[in-house]
Amino acid sequence: MSNDRRRGADPSLLILISLAAGPRHGHAMLLDVAAFAGQRLGPGTLYGAIERLEQDGLIEALPEVERRTPYRLTSNGSTYLAGRLDGLQNLARIGRSRMSA
Amino acid sequence: MKTLMRIALRLYPTPWRRRYGNEVRQLIDDGHASPFDLADLVAHAPLAATVRGELSTVKSHLATHPTRVAVVALAIVLPTAVLVVVSVLKYVLGVPGPFDSIEPGATPFVTHPIGETVLILAPYVAFGLAVVPFTRLRVGWTEGRLAARAEASVPLTSLVVGVMSAALIVVMAIYWIAENL
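One line per chain: the protein sequences are A and B, in this order.
Using our numbering, you'd call the opening residue of the first sequence number 1273 and step up by one each time.
Using our numbering, you'd call the opening residue of the second sequence number -1 and step up by one each time.
Dropping the structure here:
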């Protein structure tokens, strides 16, 4: 199994985490995700995920700035992200406790 | 690469391009225009997903009828197999009888461009029918490298036809190399 598969990070989750720090456009999101998760997303993956997140009401587009459209988390998006992170934290805690048992 | 990526954007439906096209084009201008980015853009196009879905359905359908598919593949490859075997018997082993007996009937078909093409392609088609539905190939980018992984679980009947087709492909390739090089 590759390191990439072991990380198994979901692009939508990575985008939500990136936007949790404030509004960003596509290019900035890609750089941020590469920096904090070490995962390179392609444009098809990025905008496929952005489309789904917008449709689900978890992020929203802001007015264009210098030909780039920034996105930000909606309040639903913040709630959803907090829930996902709590769930992951819980899984990580259970996994660690079982490994050390 | 940037031009190829702009062309690849046309694989996306018009409403999608109206909404996200300019942003993707800006991303391309910002330097996200490597072979990885192109492959990612093509792979995520709804058209690519539809084609992948259709191929997967056909593959699953073929995989549920292995014996029937093997028989069809065998029927496709049989004329080529007969011709190759009788040719090897005559020209390699010095047994001309079988070749000479089928030659008058086979010559018009073998010398016709369409007939020749059908005979040459038959082992490839048969191999694809017999083996591909039972194989799984995963190709992807992992940490900047192309990674491929193949899995196969081929029923015996399909395996026999697949090996036979592969052997014919090899024999025909050797013959072609000997004739042309």
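Cβ coordinates follow ideal geometry from the N, Cα and C atoms, glycine included.
Fair warning: this is a prediction, and the values are worked out from it, not measured in the lab.
How many Å lie between residue i and residue j at the Cα?
i               : j               : result
G95 (chain B)   : S54 (chain B)   : 46 Å
L127 (chain B)  : A1281 (chain A) : 36 Å
Q1311 (chain A) : A68 (chain B)   : 43 Å
H1299 (chain A) : E1323 (chain A) : 16 Å
L1357 (chain A) : L1318 (chain A) : 20 Å
I1287 (chain A) : R134 (chain B)  : 31 Å
Y1343 (chain A) : L157 (chain B)  : 53 Å
V116 (chain B)  : L87 (chain B)   : 22 Å
A37 (chain B)   : L1330 (chain A) : 27 Å
V123 (chain B)  : V152 (chain B)  : 16 Å
I26 (chain B)   : E1332 (chain A) : 22 Å
Could you check what DSSP says for residue i in three-state terms: helix, strand or coil?
i               : result
L179 (chain B)  : coil
H152 (chain B)  : Note on identity: in this sequence residue 152 (chain B) is Val, with His being the wrong assignment. Residue state, collapsed to three classes: coil.
E1338 (chain A) : coil
T133 (chain B)  : strand
A165 (chain B)  : helix
A146 (chain B)  : strand
A1364 (chain A) : helix
A1354 (chain A) : helix
R1277 (chain A) : No answer about R1277 (chain A) holds up, because its pLDDT of 43 lies below 50 and its placement is not dependable.
A124 (chain B)  : helix
A1373 (chain A) : coil
Along the chain, where does the alpha helix (DSSP H) containing residue i start, and where does it finish?
i               : result
Y1319 (chain A) : P1315 to Q1327
How far does the beta strand (DSSP E) with residue i in it reach, from first residue to last?
i               : result
V8 (chain B)    : Before going further, note that residue 8 (chain B) is Arg rather than Val in the sequence given. Per DSSP, R8 (chain B) belongs to no beta strand (DSSP E) and is neither H nor E.
L1345 (chain A) : Y1343 to L1345
A1333 (chain A) : I1331 to A1333
query: Can you list the alpha helix (DSSP H) stretches of 4 or more residues lying completely in the stretch 1283 to 1313 of chain A, in chain order?
result: Within the stretch 1283 to 1313 of chain A, the complete alpha helix (DSSP H) runs of at least 4 residues are 1283 to 1291 and 1298 to 1309.
Segments assigned alpha helix (DSSP H), at least 4 residues, entirely inside the stretch 27 to 109 of chain B: Taking only runs of at least 4 residues, the alpha helix (DSSP H) segments lying wholly in the stretch 27 to 109 of chain B are 33 to 41, 44 to 61, 64 to 89 and 95 to 109.
task: Specify whether the stretch 150 to 168 of chain B and the stretch 77 to 86 of chain B touch according to this definition: at least 3 beta carbon pairs, one from each stretch, less than 8 Å apart.
output: Three or more beta-carbon pairs separated by less than 8 Å link the stretch 150 to 168 of chain B to the stretch 77 to 86 of chain B, which places the two stretches in contact.
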